[in-house]
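See structure below.
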Amino acid sequence: MNIIDLTAADCDFQAEVASRSGQDLKTCYQCGNCTAGCPYTFAYDVPVSQIMRLIQAGQRETVLNSKSLWLCASCQSCTTRCPNSIDVAKVMDVCRHMARENGCVSERTSKLFTDAFLQSVEKHGRAFELGLMATYTMKSGRFFDNIALGPPALLHNKLSLKPHSIQGKEQVARIFERFRKGE
């Protein structure tokens, strides 16, 4: 259970998350439906409903350093179950972006995978699975974790040895370019 430290309250944190997510966070009354519906609650250090409460209490450091942000699968179960129509998954996503911006990465391998995925999409216009896994494996150092999965996937044509060519690859690259410029 997290203890809320009111001396460390950041009064602007809730407003920033609300603004960036487009959600009215004050309407969350801690019913717990988001946590009850979350398939990853068992792995979280801070359940989703407590993340929402910590945001309301201005606990920027606790939220942004939470492993839960990086373990969230953005499956939308929390959003679907919210009686006040808060897009909780979007709030989690915004907090994950804020954590990244502030250098708060509590789940290194999740960040490495996300980075490898985005790098693959930027370069190829879509995910090139074999290249994505090679990049992730090299950066994470987890060389033997999934080695047994490769041969069967290749045999069943689930992995291509080279990236697929797609239309609009340049437009996808421009999206990344605009993001870097802050548009």
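First residue of the sequence shown: 240, per the numbering used here; consecutive thereafter.
The beta carbon of each residue, even a glycine, is placed where N, CA and C say it ideally should be.
Only a predicted model underlies this, so the values are computations on that prediction, with no experimental measurement involved.
Return the first residue and the last residue of the alpha helix (DSSP H) that residue i is part of.
i, result
"V256", "F252 to S260"
"C280", "With the sequence shown as reference, residue 280 is identified as Thr, and Cys is not the correct amino acid for it. Run containing T280: none; DSSP gives neither H nor E here."
"L393", "G389 to L394"
"L293", "V287 to Q295"
"T301", "R299 to L303"
"I414", "K408 to K420"
Assuming the contact rule is C-beta atoms closer than 8 Å, residue i and residue j should be a hit. Round their C-beta distance to whole Å, please.
i, j, result
"G364", "I325", "With 8 Å as the limit, G364 and I325 do not qualify as a contact, their Cβ atoms being about 33 Å apart."
"A312", "Y279", "6 Å"
"V360", "V411", "7 Å"
"C317", "C273", "4 Å"
"L398", "L369", "5 Å"
"W223", "E346", "Lying outside 240 to 422, the shown extent of the chain, residue 223 is not represented and no answer is given."
"P402", "F352", "With 8 Å as the limit, P402 and F352 do not qualify as a contact, their Cβ atoms being about 18 Å apart."
"I290", "S307", "6 Å"
With a cut-off of 8 Å, does the C-beta of residue i fall near any C-beta of chain B?
i, result
"F367", "Note that chain B does not occur in the displayed structure, where there is just one protein chain."
Item to complete: Note down, one range per segment and in chain order, each alpha helix (DSSP H) of at least 4 residues found wholly within the stretch 307-380.
Response: Uninterrupted alpha helix (DSSP H) stretches at least 4 residues long and entirely within the stretch 307-380 occur at 307-310, 316-320, 327-340, 347-363 and 368-379, given in chain order.
Worksheet entry | Validate contact between the stretch 327-342 and the stretch 365-380 using beta carbons, cut 8 Å, 3 pairs | No, because fewer than three Cβ pairs between the stretch 327-342 and the stretch 365-380 fall closer than 8 Å, the two stretches do not touch.
Discussion item. Assess contact between the stretch 299-306 and the stretch 279-288, defined as three or more Cβ pairs (one per stretch) separated by less than 8 Å. Is contact present?
Written reply: Because the criterion of three Cβ pairs below 8 Å is met, the stretch 299-306 and the stretch 279-288 touch.
Worksheet item: Does the stretch 403-418 touch the stretch 381-393, meaning 3 or more C-beta pairs lie closer than 8 Å?
Response: Under the 8 Å Cβ criterion, the stretch 381-393 does not count as touching the stretch 403-418, having fewer than three qualifying pairs.
Worksheet item: Can we say the stretch 325-336 touches the stretch 255-262, given the rule of at least three CB pairs closer than 8 Å?
Response: A contact exists between the stretch 325-336 and the stretch 255-262.
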